[in-house]
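Accompanying notes for the structure given below.
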Amino acid sequence: MKLAFCLTRDAIDAPLDQRFGRAEFYGIVDSETGAFEAFENSAKHASGGAGSKAVQQLVDKGVEAVIAPEVGPQALDALNAFSITAFRQGGCTTVQKALDAFKAGTLEKVEKPGNKGLHRA
Amino acid sequence: MTIAILSGKGGTGKTTLSTNLAGVADNAVLIDCDVEEPNAHLFFRPKLTATKALEVRYPEIDNDLCTHCRKCAEFCRFHAIIAGPKVTLVLKELCHDCGGCFAVCPSGAVSFGSRTIGAIHTCEILDGKTLVYGVLDTGELSGVKIIDEVKHMVEDAPLVLIDSPPGTSCSAVAAVEGADYAVIVSEPTPFGVSDMKMVVELLRTMDIPFGVVVNKSGIGDREIYDYCESEGLTILGEIPFDRDLARGYAEGTPACTMSESYRDMFYGIWTVILDAAEETVNGRS
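Protein chains in written order, with the numbering used here: chain U, 1 to 121; chain R, 1001 to 1285.
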C-alpha cells in the first residue's frame, strides 16, 4: 500500500510538515516493501487551490492513503472521489512514528474536514 | 464618461468620495464594485427596484465520454479539475468559468452546469439617482463575474462612478477596466502611500489616466505630497481630517447632505475631477 506523508525536507527522517496542501515535500512509503521516494510539492506556492493541486500529485503517484496534519473540505471531497483515505498524523513527528501508528491502527481517519478550509464558509 | 475611484489601501476614503460625488454630480450613476464588502448603499435610504441572482457556469464531465486524457486538468490554471486514471473530477468552487476545459476537450465530455455566486441590486437613491451594487456570496473565490455584469448593466449611462475594491487584485482590475479616468484616494500615512504606489503602477500598466485625492489631510506626514510631486501626479483635491465628517460617516450620512459647506467642498472636488477627466479624454481622442 502506498502511503503519502507531508514533509519539511526531501528525506525520510525529515520532520513532518504541519500543512497538507502547502507542505514543502511529499514522501511516499510502500508499506509492504518499505521503498521510499520524496518529491517537492508543486502546489506550495499556488495562489489558490493548493489542496486540489496537492491531491492531483498524490493521484498521479497512485497513493492509496495520506497521513496529514489536517485536510480541508475541498481536498477531502477530492481524496474521497479518488478512494484515497486520509488520516490525521496527530502527535507523530516523523515518517517512522506515523507509519508505526498507522500499522498499529491508532491514527484517526479524517471523516470530517478541519475548519481551516478557507474556500467553503 | 466612466470614472473609477480606487485606493490600494482599504479605509482611505473610496466610499466617502464615491458617495459624495454621486450626491453632487448631475446624472451620476453610482456602482459599488467592492462586491466582497459593498457598503455604498449604507449611506442612502435606497429604494430597491430590482434584484437578480448572478450565475456562473462550471464544467460537468461525462465519465462515459471522457477518455481521461488530462487535457482539461492541465489547462485549468485554477486547479478546478483533477485528472485520475479512471475519474476526472471537477471542484466547482475553484472554477472561474473561463470555458477553457470545454474548448480543449477532444471527446465532447464537457458540458456546463450553473450555480449562483451572488446577487446584483439596483436601487434608487437621493432624488432619483441610481445605485447598482453587487454582493458576492460568502466563501466564493472571485467577484469578477459580478463586477463585469454590474458594469454591463450601466454601460449606457452618461456618467458612471465606480466605487472599486481595495488592493490591486483581479477584482480591482475588473472594476477599473475600461474606465475613462481614475481617481486614487489616499491618506497621508506610510501605509496609504505604500499601497497607492501599487495602484499607480496598475493604472499605468492599464493605460488609464488618473489623479489623486488626499483624504484625512492634516494627519500623518508629507510623503504623499513628495511622492506625487516626484511622479508628476496631479492632486485633484483634499478632504480634511474632520471629526464631523467622521461622525456623519459613522451614522451613514453622506457629508454632502449634512451641510452647505461640505456640499460645496465635494462639488469643488468634483468639478476639478470632471475637468481633468474631460481634458484627458478629449486630449486622447
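Every residue gets a Cβ at the ideal spot worked out from N, C-alpha and C, and that includes glycine.
Cα-Cα separation between residue i and residue j, rounded to whole angstroms
i         : j         : result
R/Ile1081 : U/Ser42   : 16 Å
R/Gly1237 : U/Leu16   : 56 Å
R/Val1024 : R/Thr1002 : 16 Å
U/Thr94   : U/Ala14   : 7 Å
R/Gly1167 : U/Ala101  : 46 Å
R/Ala1109 : R/Thr1088 : 10 Å
R/Asp1097 : R/Val1150 : 17 Å
R/Ser1164 : R/Ala1022 : 14 Å
U/Ser83   : U/Ile28   : 17 Å
R/Ile1269 : R/Glu1279 : 15 Å
R/Ala1004 : R/Leu1274 : 12 Å
R/Gly1010 : R/Ser1194 : 12 Å
U/Lys112  : R/Glu1140 : 21 Å
U/Ala121  : R/Thr1138 : Here U/Ala121 scores only 38 on pLDDT, less than 50, and its place in the model should not be relied on; the value that follows carries that caveat. Near 6 Å, if we compare the C-alpha coordinates of R/Thr1138 and U/Ala121.
R/Pro1046 : R/Val1144 : 24 Å
R/Lys1092 : R/Ile1147 : 20 Å
U/Leu107  : U/Cys6    : 15 Å
R/Leu1006 : U/Val71   : 37 Å
R/Thr1116 : R/Thr1051 : 13 Å
U/Gly117  : U/Ala75   : Reliability of the predicted coordinates at U/Gly117 is poor, the pLDDT of 47 falling under 50, and the value obtained from them is presented with this limitation in mind. Distance between the alpha carbons of U/Gly117 and U/Ala75: 9 Å.
U/Thr8    : U/Glu24   : 5 Å
Pair within 8 Å by beta-carbon distance, residue i and residue j
i         : j         : result
R/Leu1233 : R/Val1213 : no
R/Gly1118 : R/Leu1054 : yes
R/Cys1170 : R/Ser1142 : yes
R/Cys1256 : R/Phe1266 : yes
R/Val1104 : R/Cys1072 : yes
R/Val1035 : R/Gly1134 : yes
U/Ala38   : U/Ala11   : yes
U/Ile69   : U/Gln89   : Looking at the sequence provided, one finds Pro at residue 69 of chain U rather than Ile. In contact: U/Pro69 and U/Gln89 (Cβ atoms closer than 8 Å).
R/Glu1185 : R/Phe1210 : It is worth fixing the name first, because residue 1185 of chain R is Val in this sequence and not Glu. Cβ distance not < 8 Å, so R/Val1185 and R/Phe1210 don't count as in contact.
8 Å Cβ cutoff, residue i in contact with chain R
i        : result
U/Ala121 : Low confidence applies to U/Ala121: its pLDDT is 38, below 50, so where it sits in the model is not reliable, and the reading given next is rough at best. Yes, U/Ala121 counts as interfacial toward chain R.
U/Phe82  : yes
U/Val55  : yes
U/Gly72  : no
U/Ser31  : no
U/Val95  : no
U/Gly49  : yes
U/Ser52  : yes
U/Val59  : yes
U/Ala78  : yes
U/Ala104 : no
Cutoff 8 Å: residue i Cβ touching any chain U Cβ
i         : result
R/Phe1075 : no
R/Val1087 : yes
R/Ile1146 : no
R/His1068 : no
R/Leu1030 : no
R/Gly1084 : yes
R/Phe1043 : no
R/Ala1109 : no
R/Leu1141 : yes
R/Glu1289 : No statement about residue 1289 of chain R is possible, as the shown extent of chain R runs from 1001 to 1285 and does not include it.
R/Glu1093 : yes
R/Ala1119 : no
Whole-angstrom C-beta distance between residue j and residue i, which should lie under 8 Å
i       : j       : result
U/Val66 : U/Ala86 : 5 Å
Stretch pair the stretch 1203-1222 of chain R + the stretch 1008-1018 of chain R: three plus CB contacts closer than 8 Å: yes
The stretch 47-66 of chain U contacting the stretch 18-27 of chain U, beta-carbon criterion three pairs below 8 Å: yes
Three or more C-beta pairs below 8 Å linking the stretch 1068-1081 of chain R and the stretch 1022-1038 of chain R: no
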